[in-house]
Each structure stands twice: as C-alpha cells, then as structure tokens.
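Asker: Before anything else, here's the structure in question.
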Amino acid sequence: MHEIASIIVVLFGIYLLVAAYLYLYQRRLLYHPVAIDPVFSAEEINIDNNGTRLHGWILNPGKSGAVIYFGGNSEMITHRQAYFEDVFNDYSVYLINYRGYGNSQGNPSERGLFSDALAIYDQLIKRHDSIIAYGRSLGSGVAVYLAASRRLDKLILLTPYDSIVEVGQKLYPLFPVRYLIKDRFDSASRAGDIEIPVLIASAENDREIELPHTLTLKQSFNRARVEYQVIAGAAHNDVIDFPDYRATVEKFISDEQPRTGGS
Numbered sequence: 001m002h003e004i005a006s007i008i009v010v011l012f013g014i015y016l017l018v019a020a021y022l023y024l025y026q027r028r029l030l031y032h033p034v035a036i037d038p039v040f041s042a043e044e045i046n047i048d049n050n051g052t053r054l055h056g057w058i059l060n061p062g063k064s065g066a067v068i069y070f071g072g073n074s075e076m077i078t079h080r081q082a083y084f085e086d087v088f089n090d091y092s093v094y095l096i097n098y099r100g101y102g103n104s105q106g107n108p109s110e111r112g113l114f115s116d117a118l119a120i121y122d123q124l125i126k127r128h129d130s131i132i133a134y135g136r137s138l139g140s141g142v143a144v145y146l147a148a149s150r151r152l153d154k155l156i157l158l159t160p161y162d163s164i165v166e167v168g169q170k171l172y173p174l175f176p177v178r179y180l181i182k183d184r185f186d187s188a189s190r191a192g193d194i195e196i197p198v199l200i201a202s203a204e205n206d207r208e209i210e211l212p213h214t215l216t217l218k219q220s221f222n223r224a225r226v227e228y229q230v231i232a233g234a235a236h237n238d239v240i241d242f243p244d245y246r247a248t249v250e251k252f253i254s255d256e257q258p259r260t261g262g263s
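This note's numbering numbers the first residue of the sequence shown as 1 and each following residue consecutively.
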C-alpha cells in the first residue's frame with residue numbers, strides 16, 4: 001500500500017507540474033511570432049495603438065473597399081501576397097502583423113490583439129468606403145471580435161473555431177483548461193451579435209481545428225446569413241490554395257444579393 005501511495009503522490013505531482021507549465025507558458029504555446037520576409041516588397045504601413053506600433057503592408061493600394069487579414073498563430077502573412085492581389089484585385093488588402101510578430105511592437109495577447117484590431121479598423125475606415133474582415137485559424141477569433149464591435153461589409157472565416165478554450169480542452173482532456181486559460185477567444189459567444197454576410201470554410205482533413213469546433217461556431221451565427229463549405233482533400237495549412245475555396249471566396253465578395261444560410 002505504501003508503494004501504491006508513493007506512486008499516486010508522484011503521478012499527482014507530475015500532473016500538477018504539467019498543469020502549472022500549461023498555465024505559465026500558455027501564451028508561448030498559443031502564439032508563435034515569426035520574423036518578416038526580408039525579400040518581400042510592398043507599400044508599408046504603420047499604425048499606432050496607444051504607443052504600440054503595428055507594422056504591415058498594403059496590397060492593391062488606393063481601392064475604395066478594403067480587406068483586413070488576420071492570420072494564423074505562426075503564419076508569415078506576406079506569403080499570401082499572390083492570392084490576395086489576385087482574388088481581391090478590387091480591394092486594398094492590409095497585411096498587418098500581430099503585436100510581437102514581424103516588426104510590430106509589443107507582446108501578443110487576446111486583449112492586445114482585440115485592441116489592435118479596433119485601432120486598425122478605426123484608422124482604415126477613414127480611407128475606405130467599406131471593410132471586409134478575413135480571419136484564418138487564430139485570426140478568426142480576432143475577425144469575429146471586430147465584426148461584433150464595428151461596422152463591416154462582410155466577414156470571411158477560414159478554419160475557424162468556437163473558442164480556444166474548447167480547442168484546448170480537446171487537446172488536453174486531462175486538464176481543467178477552462179480554468180487555466182487566459183486568452184479565450186470565445187467566438188461562439190460573439191457570433192450572435194453579427195448580422196453581416198459570413199463565409200465559413202473548413203478543411204476536410206484539418207487536424208488542428210476539427211470540424212465540430214467550426215460547426216458549433218457556425219450554429220452560433222443566429223442573426224447572420226452564413227455560407228459554409230468544407231473543402232475536400234484540404235488540410236489546415238493548404239486549404240487557401242485549393243481552387244474550390246478560391247472560387248467560393250471570389251463569388252462571396254462579388255455577390256451583392258442577400259445570402260442564404262449554408263449547411
């Protein structure tokens with residue numbers, strides 16, 4: 001019995017150590033800042049948010065409509081240049097690094113990213129007649145927050161989730177993630193405040209944001225017209241390159257008619 005008790009104590013100690021690690025280093029697990037591509041060239045933009053400088057680029061400058069892209073947690077957003085210049089050739093596209101990413105100052109956090117999204121919007125709406133928010137993976141939570149907080153034309157979400165809490169709980173089922181996590185990115189709770197047209201796309205073979213998380217989010221848009229598509233054969237990181245997805249996005253941004261909900 002003494003040996004069994006000792007084993008239980010050791011296992012419990014290991015459990016507590018892992019839980020402490022998840023709590024203390026959770027932002028290192030969630031955010032993976034990347035440097036800028038030294039050979040990338042485009043018109044640059046700097047936006048100040050209460051003393052924190054955010055750096056990025058403008059593709060197709062001078063258009064009346066704009067797209068703000070919020071990328072994944074480890075994405076070099078400039079790698080999407082050809083896609084955005086082509087698909088959104090009638091829009092100015094803003095690729096602005098999260099705080100702590102590229103040449104943007106600060107350290108990433110949910111509160112910081114949300115605040116930055118509002119600052120970016122508030123500056124860009126002075127230049128453009130309309131704005132589309134486009135969020136991929138982690139960035140879908142930022143895009144949903146912006147859509148619930150400001151007036152947008154449309155919302156595009158690629159491989160989005162219901163909340164980081166639910167994704168994390170599925171990833172670490174033995175730990176009380178709901179009570180440990182700081183940056184919750186609870187998109188499902190905000191979706192009901194959004195009334196603009198929404199395009200949601202999932203990757204059939206996504207192993208990072210599994211379909212149930214996206215479907216929960218989709219069902220939370222109870223006031224918006226939602227178009228939903230699963231891209232066959234696609235994985236989390238290559239779905240944006242599939243012709244079917246590209247065609248869906250092109251139709252969505254060009255369609256001025258009221259949209260019906262997808263399934």
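Note that CB positions come from ideal geometry on N, CA and C, so glycine has one too.
The structure presented is a predicted model; accordingly, all values stated were derived computationally and were not measured.
1) Beta strand (DSSP E) containing S202: first to last residue?
2) Short of 6 Å in beta carbon distance, which residues of its chain neighbour R53, apart from the five on each side in sequence? Order them along the chain.
3) Distance check for A20 and R136, CA to CA, integer angstroms please.
4) Please check the pair L146 and L152, which I expect to be a contact at CB under 8 Å, by giving their CB distance rounded to whole angstroms.
5) R80 to L11, Cα distance in whole Å?
6) Excluding the five sequence neighbours on either side, which residues of its own chain have a C-beta within less than 8 Å of the C-beta of T248, listed in chain order?
7) Exposed or buried, G71, counting other C-beta atoms within 10 Å across all chains shown (16 or more means buried)?
8) Out of L22, D129, A188, state which residue places its alpha-carbon closest to the alpha-carbon of S140.
9) Of all the options Y245, F242, D162, which has the alpha carbon lying nearest to the alpha carbon of T214?
10) In its own chain, which residues sit with a C-beta less than 7 Å from the C-beta of E204, not counting the 5 before and 5 after it?
11) What are the partner residues of Q229, as DSSP defines its beta bridges?
12) Rounded to whole angstroms, what's the CA-CA distance from H128 to I36? Just pull it up for me.
13) With DSSP run on the structure shown, which of helix, strand or coil describes K251?
14) What does DSSP give as the partner residues of I47 in its beta bridges?
15) From this set, Y15, F242, G192, D90, which residue's C-alpha is nearest S64's C-alpha?
16) In angstroms, rounded to a whole number, what distance separates the CA positions of N49 and L113?
17) Within 10 angstroms of the Cβ of R73, are there 16 or more other Cβ atoms? Answer buried if so, exposed if not.
18) Taking C-alpha atoms, which residue in L171, R207, I209, N222 lies nearest to D193?
19) Please look up how many angstroms separate the CB atoms of I120 and V167, rounded, as I've assumed it's under 8 Å.
20) Say whether the region 172–191 touches the region 23–39, bearing in mind that this needs 3 or more beta-carbon pairs closer than 8 Å, one atom from each stretch.
21) So F70 is in the beta strand (DSSP E); what residue range does that whole segment cover?
Answerer: In this structure, then:
1) In the sequence shown, residue 202 corresponds to position 202, counting from 1. Element bounds for S202: 198–203.
2) Your numbering for residue 53 matches position 53 in the sequence shown. So the list reads N46, Q105, once near-sequence residues are dropped.
3) Translated into the one-based positions of the sequence shown, residue 136 becomes position 136. Translated into the one-based positions of the sequence shown, residue 20 becomes position 20. If you take the alpha carbons of R136 and A20, they lie about 29 Å apart.
4) Taking the first residue of the sequence shown as 1, we reach residue 146 at position 146. Taking the first residue of the sequence shown as 1, we reach residue 152 at position 152. Taking 8 Å as the upper bound for CB-CB distance, L146 and L152 are in contact here, some 7 Å apart.
5) For the purposes of this step, residue 80 is taken as residue 80 along the sequence shown, with counting starting at 1. For the purposes of this step, residue 11 is taken as residue 11 along the sequence shown, with counting starting at 1. Spanning the two alpha carbons is a distance of roughly 46 Å.
6) Taking the sequence shown and counting its residues from 1, the one referred to as residue 248 is at position 248. Only residues of its own chain outside the window of five on either side were considered, and among them L199, A201, E227, Q229 have a CB closer than 8 Å to the CB of T248, listed in chain order.
7) Sequence index remark: in the sequence shown, residue 71 carries index 71 (1-based). The C-beta of G71 has 16 or more other C-beta atoms within 10 Å across all chains shown, which makes the residue buried.
8) Within the sequence shown, residue 140 is the residue found at index 140, counting from 1. Residue A188 is the option with its Cα nearest to S140.
9) Within the sequence shown, residue 214 is the residue found at index 214, counting from 1. For T214, the nearest C-alpha among the options comes from D162.
10) Numbered from its first residue, the sequence shown carries residue 204 at position 204. Excluding positions up to five away in sequence, the list reads V230, I231, A232, G233, A234.
11) Against the sequence shown, residue 229 aligns to sequence position 229. For Q229, which the question treats as bridged, DSSP gives the partners A201.
12) Reading the sequence shown from its first residue, position 128 is the one you call residue 128. Reading the sequence shown from its first residue, position 36 is the one you call residue 36. Each residue's Cα considered, the two are about 26 Å apart.
13) Numbered from its first residue, the sequence shown carries residue 251 at position 251. It is helical.
14) The residue given as residue 47 occupies position 47 in the sequence shown. According to DSSP, I47 bridges with L54.
15) If you number the sequence shown from 1, residue 64 lands on position 64. The shortest Cα separation from S64 among Y15, F242, G192, D90 belongs to D90.
16) Start at 1 with the first residue of the sequence shown, and residue 49 comes out as number 49. Start at 1 with the first residue of the sequence shown, and residue 113 comes out as number 113. Those two C-alpha atoms are separated by around 11 Å.
17) Stepping through the sequence shown from its first residue, residue 73 is reached at position 73. As written in the sequence, residue 73 is Asn, which differs from the Arg given in the question. So N73 ends up on the buried side.
18) Numbered from its first residue, the sequence shown carries residue 193 at position 193. Among L171, R207, I209, N222, the Cα nearest to that of D193 is on N222.
19) Your numbering for residue 120 matches position 120 in the sequence shown. Your numbering for residue 167 matches position 167 in the sequence shown. Contact flag wrong, Cβ pair sits at about 25 Å.
20) With the rule of 3 Cβ pairs closer than 8 Å, the region 172–191 counts as touching the region 23–39.
21) Within the sequence shown, the letter at position 70 stands for residue 70. Here the beta strand (DSSP E) through F70 covers 65–70.
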